[in-house]
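Trainee: First the structure, which I've put down as structure tokens, then a few questions once you've had a look.
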Amino acid sequence: MLQQTTVVAVVPYFERFMTRFPTVQQLAEAEESEVLKQWEGLGYYSRARNIHKAAQIVSSQLGGIFPSDVAGLQELPGIGRYTAGAIVSFAYDKRAPIVEANTLRLYARLLGYDGDPRSKEGQQVLWSFAEAVLPKTQPGRFNQALMELGASLCSPKLPDCEQCPVSGFCRAFRDQTQLEIPQLAKRAVITDVTEASIAVRRNNAYLLRRRTTGERWAGLWDFVRFELAAATTDDVPHIVESVHQRTGLKIDLGPQLAELKHGVTRYRITLKCFVADSVAGTLRDGEEWQWVKAAKFDDFALSVTGRKFAKLLAESLF
DNA sequence: AAGACGGGGCC
DNA sequence: GGCCCAGTCTT
């Protein structure tokens, strides 16, 4: 859960997740849909599928016992070099280096490494340093202490070098280059896109589609949804036709109910939300569809925008 | 090596 | 509005 996600965001998810799946066996036996439901809103949903698969491997192939070495742990889906090192050092208190966001910043600054820390060379430099500084005693506590130092005093924008216990060894402090290091690559440019989301209604239930592998939000449910070309954002016949192509259903499109803004990966999405009545046609094969009453939306793991739309829908019924 | 993958918090 | 977060996997 903590991969690329702040502790503050994770804590409530962690609490609920551990309550729902207290043992690796219970996680392994759960349906993937249930795991995704618990993960709903946290993002990076491949992590949920990976931890579920990993639990199944540990439970069925490893006798319920986690590997206690880095190589063995890295065999499990979703566990890379950092997570493996973290488990080995924190849980088993064995010597294993770690480099993640906090220690990456701390080590790059200590070394005065001004290259790209994520490049092959940068990774080599930082992991070697992480290995070299690791003590024989209490390596787990050592790793956690340095992560905490990176997260607190050695912060990205406002490092408190005056209070830092290792500023005497820090080349970035000596050179006053703290704010130039680490030299992280810029994020990809953001592209604006407009999408339509249509809650197609029939017999007091709404049409949901399970998003498939290869799509964003794979495994989550969503209303009928597609991108709108700039020229067609207010073109009602075009939307009606697109829904027909997508679902096989003829619809009577209602007014736009809401417009949601949502940033995701390298897109800023403007989502136009409509309600429509299905008046004819049969549902297309090859997709996972379900008609769901508003009261049952909570049983489905929805995308964040799908969830917001569902909430609006439920409220508008009053 | 570069991209994809999410969502929220902070300034 | 941009930056960043207890990374990993795919292409």
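Here this note's numbering is used: position 157 in the first sequence is 254, and no number is missing along the way. The beta carbon of each residue, even a glycine, is placed where N, CA and C say it ideally should be.
Assuming F118 contacts A106 (C-beta within less than 8 Å), just tell me the rounded distance between them.
Mentor: Actually they do not touch by this definition, with Cβ atoms about 19 Å apart.
Trainee: Let me make sure I understand the geometry here. Which of L399, D331, V321 has the alpha-carbon closest to that of D374?
Mentor: Taking only the C-alpha atoms, the option nearest D374 is V321.
Trainee: Relative to the alpha-carbon of L243, which residue among H359, F226, R381, L255 has its alpha-carbon at the smallest distance?
Mentor: Minimum Cα distance to L243 is reached at F226.
Trainee: Just checking, does the region 333 to 345 make contact with the region 376 to 393 on the three C-beta pairs under 8 Å criterion?
Mentor: The region 333 to 345, when compared against the region 376 to 393, does touch it at the 8 Å Cβ threshold.
Trainee: Beta strand (DSSP E) containing S165: first to last residue?
Mentor: Where S165 is concerned, there is no enclosing beta strand (DSSP E), given that its DSSP letter is neither H nor E.
Trainee: For the region 330 to 386, list the alpha helix (DSSP H) runs that are entirely contained and at least 4 residues long, ordered along the chain.
Mentor: Entirely contained in the region 330 to 386, the alpha helix (DSSP H) runs reaching 4 residues are, in chain order, 333 to 344.
Trainee: So, G209 versus D272, is the Cβ gap smaller than 8 Å?
Mentor: Yes, the pair counts as a contact, with Cβ atoms nearer than the cut-off.
Trainee: Which residue from L99, D319, K369, P253 puts its Cα closest to that of E277?
Mentor: Nearest option by C-alpha distance: P253.
Trainee: Please name the residue in R365, Y364, A377, H359 whose C-alpha comes closest to that of R404.
Mentor: Of the listed residues, the one whose Cα sits closest to R404 is H359.
Trainee: Using a Cβ-Cβ cutoff of less than 7 Å, which residues in the same chain neighbour C251 once the five nearest sequence positions on both sides are dropped?
Mentor: The residues are R202, L203, R206, C261.
Trainee: Reducing DSSP to helix, strand and coil, say where E245 ends up.
Mentor: Residue state, collapsed to three classes: helix.
Trainee: Residues in its own chain within less than 6 Å of R307 by CB, not counting five upstream and five downstream?
Mentor: Contacts found: W318, E385.
Trainee: Exposed or buried, R298, counting other C-beta atoms within 10 Å across all chains shown (16 or more means buried)?
Mentor: Flag for R298 reads buried.
Trainee: To the nearest angstrom, report how far apart G161 and Q122 are at their CA atoms.
Mentor: About 7 Å.
Trainee: Let me make sure I understand the geometry here. Which of V389, T379, T402, A193 has the alpha-carbon closest to that of L368?
Mentor: Measuring from the Cα of L368, the nearest candidate turns out to be T402.
Trainee: If you follow the beta strand (DSSP E) that A411 is in, where does it begin and where does it stop?
Mentor: Counting along the chain, A411 falls outside any beta strand (DSSP E), though it belongs to the alpha helix (DSSP H) covering 401 to 413.
Trainee: Looking at the strands, I want to know which residues DSSP matches up with R299.
Mentor: R299 is bridged to A302.
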